[in-house]
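In what follows, a single structure is set out as C-alpha cells and then discussed.
Numbering (my numbering), first residue to last: 5 to 454.
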C-alpha cells in the first residue's frame, strides 16, 4: 500500500519496492560506513535476520519477514556501542561506561510538554569519570547541559526541569572536557533530588539598563535550571529579595542604590545546603546614555484602578532636545503586556500617542486638548498633559501626563523608557523603576439610625 516517507529534499508517497528500495540502500550504506571491512553479504544477512518479524496474517499466508532495524543490524555486526541508543523510562536507571575519553553515549526518553523531570548522571567508580550530559529537544536543538549540577563527586544533575515540548528527547552522556573515563549510572525521575543541586543561569531579563538618577527598583527575571524554593539571587554578592517561580525561573528585586553607577555587575544564584552552592555568573550592565538622560517621577509606587496618576518625565539630550524623534514611556510585565505605552513625538506640534502591547497605535492627540485618549487598559487625559522644552535649542524637555487605569491593567510591571533621535539611534528599553496597579477599594459608609 502507499507509504509516505522522505525523499531527497521532500516527502513523497510510493508503493512497494519504489519506497522500500531507497531505504534499504540507505541502510546498507550506513552499515557499510560503520563496518567498512564487512562484505555486503554479511551486511544483508544482518538486515535479514534482525529487527521485528512482520507476520503474514493473510489466509494461507507464508511470507513472514524481518523489518529492517539499523540499530539491531549494527549490533549484529559488532559495530554498536552497547551503551548507545537505549530508551530510558521515568523511574529507571541505566548503567554505562565512557571509554575512551572521547566516547559519547546516547539515550532517548519520551515526554510531554510541561512535564518536570530530574536527570542525574552519577559516576560509579570513585575519582574517575567527570560526568557531563546534554539534553536535546525533540527537534534536535540543545535544551540544557550540566557537568556539576550535583555539586559533589563530579556528578551531573538537573532537578525537576520543566520540559517545553511533547516528543522524544535525547541525552548525550560523556566526560567533561573528554579527558576522563569510567562507569556511571544515568537516571530519569519525576521527583526532586534529595540534595539541592548547583544552580545554573542561562539568561536574565533585563540584562542591562542606562544609568538614570531617578532609578529606584525593578524586577529582574532569572532563567536557568536547578533552582529551588530557597534559592537567592545575589548582585555583586548582595542578597536580593527573591521569589521562586519554578525550577527554571526566579524573580529578584533589584534596588537602584546597588547599581548607582555605570559598569558591570555580577549576578549569581545561591542554593542552600544540603548540597547547593553558587551558580555561574551572569553580567548585568549599567550603560552610559547615548541619546540622553532621564529623570522620572514617580518611578516607584502604585495606582488604584479608576484613580488618576500624574507622571513627569524630564529628558536631557546631549545637544538639543529638538534632535529627539520620539520618547516612549511604558509599563511592561514578564509576558510583554503593557497596560500603559505612551509615545511622545517631537515636531512643529508635539504629539502624544497611545499604543497597545503590540505597539499598535490606538489614538493620538495634542497636549492640552480637551480630549481623552482611551485604550482597553488606560485613559490618557490630554487636557492635563503638558510638554515644556528649554527653548528651541535647549537640551531638556519635560513631559507631564495624567492617566487613569482600568481593571484590565491590574498587576505588577517594570517602568521602561525608550528614546530615538533623528539619526536613528535607539536607547532602551531602559528599566528605571516598577509600578503596581491595584483594584479599587470598596467604600463602606456608616449605618445611620434615625
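In this text, a Cβ means the ideal position worked out from N, Cα and C, and glycines have one as well. These numbers were taken from a predicted model, which means no experiment stands behind them.
Contact annotation, residue 371 with residue 390: C-beta distance approximately 5 angstroms; criterion of less than 8 angstroms satisfied.
Three or more beta-carbon pairs separated by less than 8 angstroms link the region 374–386 to the region 409–420, which places the two stretches in contact.
Note that the C-beta distance between residue 289 and residue 211 is below 9 angstroms.
Leaving aside the five residues that flank residue 245 on each side, the residues in its chain whose CB is nearer than 8 angstroms to its CB run, in chain order, 256 and 257. Here residue 411 carries a helix assignment [DSSP, helix/strand/coil].
The Cβ-Cβ distance between residue 38 and residue 251 does not fall below 9 angstroms. In the displayed model, residue 272 falls within a strand according to three-state DSSP. Residue pairing for residue 392: DSSP places it in a beta bridge opposite 402.
Between residue 230 and residue 137, the CB-CB gap reaches or exceeds 9 angstroms. Your pair residue 296 and residue 322 checks out as a contact, with CB atoms roughly 7 angstroms apart and the cut at 8 angstroms.
Nearest Cα to residue 90 within the set 192, 144 and 186: 192. Taking the CA atoms as reference points, residue 150 sits about 6 angstroms from residue 161.
Around the Cβ of residue 195, a 10 Å sphere holds fewer than 16 other Cβ atoms; the residue is exposed.
Distance from the Cα of residue 384 is smallest, within the candidate group 365, 401, 54 and 358, for 358. Residue 303 carries a coil assignment under DSSP once its states are collapsed to helix, strand and coil.
For residue 26, the enclosing alpha helix (DSSP H) begins and ends at 21–38. In this model, residue 356 and residue 349 are separated by some 7 angstroms (Cα to Cα).
Its chain contains 295, 327, 328 and 329 as the residues whose beta carbon lies nearer than 7 angstroms to that of residue 425, once the 5 sequence neighbours on both sides are disregarded; these appear in chain order. Counting along the chain, residue 102 sits inside the beta strand (DSSP E) bounded by residues 96–102. Excluding the 5 residues flanking it on each side, residue 287 has same chain C-beta neighbours closer than 6 angstroms at 268, in chain order. By the neighbour-count criterion, in which a residue is buried when 16 or more other Cβ atoms sit within 10 angstroms of its Cβ, residue 219 is buried. Under the three-state reduction of DSSP, residue 72 is assigned to coil, being neither helix nor strand.
In the structure shown, residue 244 adopts coil according to DSSP, grouped into three states.
Counted as a single uninterrupted DSSP element, the alpha helix (DSSP H) harbouring residue 53 occupies residues 44–53. DSSP places residue 164 inside the beta strand (DSSP E), whose first and last residues are 160–166. Within the region 133–218, the complete beta strand (DSSP E) runs of at least 3 residues fall at 135–140, 146–150, 160–166, 171–179, 186–193, 204–209 and 212–214. The bridge partners DSSP lists for residue 328 are 425. In the three-state DSSP reduction, residue 432 falls in the strand class (E or B). Proximity of the region 390–400 to the region 175–192 falls short of the contact definition, fewer than three beta-carbon pairs being nearer than 8 angstroms.
Ranked by how close their Cα comes to the Cα of residue 226, the residues 216, 19 and 273 have 273 in first place.
DSSP places residue 386 in the strand class (E or B) of the three-state scheme.
For residue 158 against residue 133, the beta-carbon gap comes to about 7 angstroms, under 8 angstroms, which counts as contact.
With contacts defined by Cβ atoms closer than 9 angstroms, residue 222 and residue 432 do not form a contacting pair. Rounded to whole angstroms, the separation of the alpha carbons of residue 118 and residue 189 is 25 angstroms.
Spanning the alpha carbons of residue 400 and residue 239 requires a straight line of approximately 33 angstroms.
The C-beta distance from residue 176 to residue 96 rounds to 18 angstroms, too long to fall under 8 angstroms, and the pair is not in contact.
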